[in-house]
Structures are given as structure tokens and as C-alpha cells.
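Protein chains in written order, with the working numbering: chain A, 1 to 405; chain B, 1 to 225. Remarks on the structure that follows.
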Amino acid sequence: MRLPTLIGKELWERPVPMLTCLLAILLGVTALVAIRTVTVYSELAVARELDALGANVLILPKGVSLQDYYAADLHGETLPEEYVERIALSRLEGVDNLSPKLCVPATLDGRQVTLTGILPKSEFRAKAAWGGAGIFGRPIGCGAQADLPDNKPADPKALARKRVIETLGDYEALIGADVAARHGLKDGDSVELLGAKFTVLAVLPPTGSVDDARVFAHLHTVQGLSGKGEVVNVIEVVGCCKQIAAGLVDGLNGLLPEAKVVTIAQVVQTQQNVNKLMERLSLIFLAVLLAVGGAAMASTLYANVSERRKEIGTLMALGATPGLVLRLIVGKAFVLGLAGGIGGFLVGSAAAWWLGPQLANVAVRPLPSLAGLAVGIALAVTFLASLLPAWHAARLDPCICFKEV
Amino acid sequence: MLRLEAVSKTFTRRGSAVAALQPTTLEIAAGEYVAVVGPSGSGKTTLLSVLGGMLAPTSGKVVFDGRSVYDLSVRERTELRGRKIGFVFQTFNLVPYLSALENVQVPLYLSGLAPKEQRLRALAALERVGLSDRVHHKPSELSVGQQQRVALARTLANDPALILADEPTGSLDPQTREQVVDFLEEFRREGRTIVLVTHDPVLARRAQRMLPLVNGSIRAAAGAA
Numbered sequence: 001m002r003l004p005t006l007i008g009k010e011l012w013e014r015p016v017p018m019l020t021c022l023l024a025i026l027l028g029v030t031a032l033v034a035i036r037t038v039t040v041y042s043e044l045a046v047a048r049e050l051d052a053l054g055a056n057v058l059i060l061p062k063g064v065s066l067q068d069y070y071a072a073d074l075h076g077e078t079l080p081e082e083y084v085e086r087i088a089l090s091r092l093e094g095v096d097n098l099s100p101k102l103c104v105p106a107t108l109d110g111r112q113v114t115l116t117g118i119l120p121k122s123e124f125r126a127k128a129a130w131g132g133a134g135i136f137g138r139p140i141g142c143g144a145q146a147d148l149p150d151n152k153p154a155d156p157k158a159l160a161r162k163r164v165i166e167t168l169g170d171y172e173a174l175i176g177a178d179v180a181a182r183h184g185l186k187d188g189d190s191v192e193l194l195g196a197k198f199t200v201l202a203v204l205p206p207t208g209s210v211d212d213a214r215v216f217a218h219l220h221t222v223q224g225l226s227g228k229g230e231v232v233n234v235i236e237v238v239g240c241c242k243q244i245a246a247g248l249v250d251g252l253n254g255l256l257p258e259a260k261v262v263t264i265a266q267v268v269q270t271q272q273n274v275n276k277l278m279e280r281l282s283l284i285f286l287a288v289l290l291a292v293g294g295a296a297m298a299s300t301l302y303a304n305v306s307e308r309r310k311e312i313g314t315l316m317a318l319g320a321t322p323g324l325v326l327r328l329i330v331g332k333a334f335v336l337g338l339a340g341g342i343g344g345f346l347v348g349s350a351a352a353w354w355l356g357p358q359l360a361n362v363a364v365r366p367l368p369s370l371a372g373l374a375v376g377i378a379l380a381v382t383f384l385a386s387l388l389p390a391w392h393a394a395r396l397d398p399c400i401c402f403k404e405v
Numbered sequence: 001m002l003r004l005e006a007v008s009k010t011f012t013r014r015g016s017a018v019a020a021l022q023p024t025t026l027e028i029a030a031g032e033y034v035a036v037v038g039p040s041g042s043g044k045t046t047l048l049s050v051l052g053g054m055l056a057p058t059s060g061k062v063v064f065d066g067r068s069v070y071d072l073s074v075r076e077r078t079e080l081r082g083r084k085i086g087f088v089f090q091t092f093n094l095v096p097y098l099s100a101l102e103n104v105q106v107p108l109y110l111s112g113l114a115p116k117e118q119r120l121r122a123l124a125a126l127e128r129v130g131l132s133d134r135v136h137h138k139p140s141e142l143s144v145g146q147q148q149r150v151a152l153a154r155t156l157a158n159d160p161a162l163i164l165a166d167e168p169t170g171s172l173d174p175q176t177r178e179q180v181v182d183f184l185e186e187f188r189r190e191g192r193t194i195v196l197v198t199h200d201p202v203l204a205r206r207a208q209r210m211l212p213l214v215n216g217s218i219r220a221a222a223g224a225a
């Protein structure tokens, strides 16, 4: 005989009220886990979409005003490229990607095109590594690169959407859709620009923006061929939306006082609104769990203690201390809380897996980190709910064992 | 072994005081078999509760083996009860969801014995009351007489020096009653002190001393068997 034996046998003896109680806890935890799981994946999906949309912060020369997001680099004024390095080596949090650009006019088979120099992401990583720290030395907070179930590996054509490319050779070019159609270009062809031969790495899909009329090549090659020196027209920054609001823009302004920092406010606001809504919804479910599950547990345990008065009195007559009686009731609540927490996590994860694609259009996987939260909350609720009935039981008059109850 | 020094107990009911036990002074020697008799409401159960360390008296002192019971902490008093006092209840008070064996193990568990030792001692106690073939039966699967024998085995499990019995034959048929009376006498012969409260004059006459209790007051004690 041990305490768990006493608790387990008693639970088994009176299963119905305890199952009702367990159900209340389980449903509360299920709702919490399901909504939290969908929320997390929904936030990741939104972040990924924003990442796909492109930069949400632009760094421009001081005198330039932004008229067209897609043509932010077509103004002729320049910034030192060294600014890119400053950002890359800074301690600013929330920078997911950087894309400096330099635009120069060029001719392709006798027709005018815009040749845009871009810097592949691999070079920032190298710079950050040389610096020993910097923005890519820390985990990136907004999760845009998170491991979503349907994430696909990088593709050079993603430049059309993401405006950032992983790697790009010195004499490789990416051709906008209109340019490719006009000149009949395809992957692997050769083109001559500013007197140099480039290999077509990829033909970009149409975007409906001025990018369709561009040819993209390595920034340093474009700088060299055009004789502009180490300058850029714009630095596009993919910033984490939360961090933008939390001080990334101020940080960039402080870091680059000679430049102008512009944010796409609506994008940031939309992300923040969605996140807030989901967080509030989670909190509401948490409050419902606390109220319903706790009340159900407290009333069931009260009824249980009342029903077992004579048994508890007898145990006390036989040598059970008030502390042991307290543990008997709290232990029972612990078992129910544990079962409710684990069951709620499993059912909630399954519900999220099924509901995610239907409600939020996102593929969802269970979040193991929520298991601890679910069990912790269920245990906390059941523990708090059991305290009063347990205290009541521990204070029962043992003389009740002599009475007919 | 057990001494009551001017012990009284008063309850307050709806604002008025009710004396359940008038100031009582009483001494019970080790190994004595005492029957407390009296009509319903005379204070028998109150006296038993006070003797068992479960109900603090309003005044006076209860001394058990030289120690003032109600000067001990709740924990110490509970331990004293668990180790030295055995209870026999009119309705047996077996835990319904535990088997006969587990019911007998309960006081052994509460006194801190390891599960293996609990099991051995509980089996021995059940064998003594002739129930070694019913150890895994739940109370609902046992006859009334068998239930009272399980309760007696539970009482014996911790080898108590004092046995307090509350109407131990009140729910039994004559044949089973006789078995229980025999067991109580056997316990007395082993040197245990027995205090029982009963309405049953036959059972009371088997005791060495009879204490008539009327309106919370012990009248002149009478010798019995």
C-alpha cells in the first residue's frame, strides 16, 4: 500500500464524476493547444509571406522620396556600399535579409535595359563571419525562414518575389520576364552587357513591376563595369515586423544618420494586428480553461470529500495525518491534471493538424514545446482548484468515523 | 495505562452549551476490559472519541502511558493513535474500494511500514481471523460477519495496546456476534486493554468492569464478569 495506490483505486472506484472533471480540463487544454498551434503556424506563414513580398524597410539617400516601391533604386542618387557592411556587422536585431542595389543603364542587342547590381546573401554571411558577430551571428527572430511543413529550398527565380538571392556568380545574370521575351533569352544563354559576357542563370517569372524590364547581375561586377565605384542606390532590408516596431528603424537611423530609412507601415501593421488577435484569442481560451476547468475540478472534489467524510475520518482514526489527507486529495487532482494536460495536448495537436489547413490555410505540425505548457497549466489549474477541498478534508473531525453518515 | 482527570466536554449547539460529558475522573489499568454502557445520547461516543485522542476535552486531562494526550501536537497524537490504539467500529468502516488485504494494510502503511512488511503482517492478521481465503475480496463481496473480521484484523495489524470498540456487535447476527466477543476476549488475554461502548448487556457482562454512563456522567462502576 502506497499513496498512489490509494489515489488510483479511489479514482477507479468513482470514475464518472472524475471523468466529467477530466473532460472539462481536457477540453480547455485542447482548445488552448489547438488555437496556439494554429496561431504559431499562422504567424510563421504570415511572416513567410511577408518575406516573399520582399523588403519592408528601404534605406535611401537623404534627398530621395519614395514614389514606387519597386522602383526605389531608379533615382540616380547613391549611398556608399560601406553602409551594407555597417548593418551586417551591427548588433541590430530583426534583420532577416539585406539587398543593396545599383542601377545603371545598359544596352542589350541595341535596346535599352536597366542593369541592376545585387549582392547575394552568401556575401553578407561571409562578412558577418569575418566580423565574428553581426546580424547573422544571432538567431533571426521573426521566423520568416522557419521550418514550415511546405517550405521549399532556395531557387534563383525566387528573386522575383523575395528580392534576395542566395548566391550569384560574378558573370551570371538573371533576366526579367519582359527582357527575356523581347530578346528570346532562356537559361544558359549568353548576353553582352557593358562590354562583358554574362551567362543567363535564370529567367525570372513575370511580376508586373519594373523588375520585368531589368537584368540583374552581381553588384561588384556592375560597379566595376559602370565605373560608379563602391556605391548603391538603395539598400532593401527585410526586417522582422515585430522588431521594426520595437526599434529596428530607430536602430538603422542611429547607425546610418546620413541616410533615409523608410518602412512599409501597412505591412508591419497587418502582421502586428494578426499576431495581437491570435494572442488575445489564446488568452481568452486560457481564461476559459481556468474558469471552467478549475470550477469543475473544485466542485467535483468538494463533492468527493463530502461523500468520503466517514472514510477520511476512519483513515485519520487509523493514523492518517492531516498532511496525508491533504496529499490524498491534491494527489488525485494532480493525476487528473496530468491526464488532462497530456490528453489535451494530444487532442489539441490533432485538432490543430486537422483545422489548420481549413481555418488558416496553413499546414500544421504538433509543437512539442506546447506539451510542457499544456501540462503545466492543467496542473496549476487542478492544483489551485484542489487546495480548498483538500484543506477542508484535512480539517475534518475524525470523530465522524463513529457516526452514521 | 489510561487516566481521565476531571475531563468534560461541552458542545455549543445553536448558541446554547450542551454538556456531552460531565467532569469525569477515571482510571483504566493496562490489560483491563471495560464496557461503557448507557442509552443513546448519554455521551458514550464522546467518551470514546476523547479516549482515542480525536476529540479534545473542554477541560481536564487525558493521560495515556504517562503522556498527556492533548498536550501533544496533532501529528504526535495521530502517530500515537496509529501505533498504540486500535479501533473497532459498529459499521466496520472498511474502505469500499480496497480489498480485505489492502484494508488491513492501511494502518500499517500509515505507520510507515514498507509495502512488503505491510503485506506479510496483513496476511498474518487475516489468517488469524480465518479469512486467508478472502484476502482479495472487496468488502461488498464479503458477508457482514466477514467484514467485521476484516475490521478486527485491521485493528490488530499494528499490535495496539489499547482497543476502543464502538458497538462492535451492533450490526451482527447472534452467531457472528459470538465470534466477535470471543475475539475481544482473546485480545484481552493477550494483555491488551479494551474499552468498548455497547447497548448489548450480554456483551457488557463479559467485561471485567462496567461503566454506566447517563447524561454524560459515569455512575458507580460495577464489576462484571
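Think of the CB as a built atom: it goes at the ideal place given N, C-alpha and C, for glycine as much as any other residue. Just so we're clear, the structure is a prediction, and the values are computed from it rather than from any experiment.
| Item | Value |
| --- | --- |
| Quick one: does B/N215 have its CB under 9 angstroms from some CB of chain A? | no |
| Does the stretch 175-191 of chain A come close enough to the stretch 72-79 of chain A to have 3 or more Cβ pairs within less than 8 angstroms? | no |
| What is the rounded straight-line gap between the Cα of B/G15 and the Cα of A/R308? | 29 angstroms |
| How big is the Cα-Cα spacing for B/L152 and A/K9? | 22 angstroms |
| Consult DSSP for B/M210 and reduce its assignment to one of helix, strand or coil. | strand |
| Do B/T193 and B/G170 come within 9 angstroms of each other at the CB atom, strictly closer than that value? | no |
| Residue range of the alpha helix (DSSP H) that B/Q146 falls in? | 144-157 |
| Can you tell me whether A/A360 is buried or exposed? The criterion is at least 16 other CB atoms within 10 Å of its CB, across all chains shown. | buried |
| Counting only Cβ pairs nearer than 7 angstroms, list the residues of chain A close to B/V95. | E311 |
| Using only CA atoms, which one of A/F383, A/R395, A/G251 lies nearest to A/R86? | A/G251 |
| If we ignore side chains and look at the alpha-carbon of each, how far apart do A/K127 and A/L89 end up? | Annotation note: pLDDT 48 at A/K127 (below 50); position unreliable, coordinate value reported separately. Cα-Cα distance, rounded: 7 angstroms. |
| With distances taken Cα to Cα, identify the nearest neighbour of A/A44 among A/V362, A/I25, A/R395. | One point to set straight first is that residue 44 of chain A is Leu, not Ala, in the sequence displayed. Ranking A/V362, A/I25, A/R395 by Cα distance to A/L44 puts A/V362 first. |
| Can you tell me the Cα-Cα spacing of B/V129 and B/R149, whole angstroms? | 6 angstroms |
| In three-state DSSP terms, what is B/S217? | strand |
| Beta carbon of A/L219, beta carbon of A/K101: below 9 angstroms? | yes |
| Rounded to whole angstroms, what is the Cα-Cα separation between A/L148 and A/Y41? | Any reading at A/L148 must be qualified, since the residue scores a pLDDT of 44, below 50, and its modelled position is unreliable; the value itself is stated next. One C-alpha to the other measures close to 8 angstroms. |
| Using only CA atoms, which one of A/P205, A/P357, A/L336 lies nearest to A/L26? | A/L336 |
| If A/P33 and A/S349 are in contact, beta carbons under 8 angstroms, what's the gap, nearest whole angstrom? | The question names Pro, but residue 33 of chain A is Val in the sequence shown. Right, the Cβ-Cβ distance comes to about 6 angstroms (below 8 angstroms), so this counts as a contact. |
| Under 8 angstroms between beta-carbons, which chain B residues line up against A/K9? List them in chain order, please. | Y97, L98, E102 |
| Using a Cβ cut-off of 7 angstroms, pull out every chain A residue sitting near B/D166, in sequence order please. | F402 |
| Since A/T314 meets chain B, which of its residues come closer than 9 angstroms, beta carbon to beta carbon? | F87, F89, N93, L94, V95, V106 |
| Short of 9 angstroms Cβ to Cβ, which residues in the stretch 324-347 of chain A face chain B? | L324 |
| Does any residue of chain B have a CB that is nearer than 9 angstroms to the CB of A/G319? | yes |
| Does DSSP put A/D147 in a helix, a strand or coil? | Per-residue confidence for A/D147 stands at a pLDDT of 45, beneath the threshold of 50, marking its modelled position as unreliable; the derived number appears in the next sentence. Looking at A/D147 - three-state DSSP - the assignment turns out to be coil, as it is neither helix nor strand. |
| Here's a check: name, in chain order, each residue in its chain whose Cβ is nearer than 6 angstroms to the Cβ of A/K260, leaving out the five neighbours to either side. | L60, K62 |
| Taking 9 angstroms as the CB-CB cut-off, is B/R115 touching chain A? | Note that residue 115 of chain B is Pro in the sequence shown here, rather than Arg. Interface residue, yes. |
| State the Cα-Cα distance for the pair A/S209 and A/S99, rounded to the nearest angstrom. | 17 angstroms |
| Interface residues of chain A around B/V74 at Cβ under 8 angstroms? | T321, P322 |
| Relative to the C-alpha of B/E234, which candidate in B/P160, B/V202, B/V95, B/A17 has its C-alpha closest? | Nothing about residue 234 of chain B can be reported from this structure: the residues present for chain B run from 1 to 225 only. |
| In angstroms, rounded to a whole number, what distance separates the CA positions of B/L126 and B/V104? | 8 angstroms |
| Confirm, please, whether the CB-CB distance from A/G341 to A/V95 is below 9 angstroms. | no |
| Quick one: which residues of the stretch 376-399 of chain A get their C-beta closer than 7 angstroms to a C-beta of chain B? List them in chain order. | P398, C399 |
| The alpha helix (DSSP H) that contains A/N304, what's its start and end? | 294-307 |
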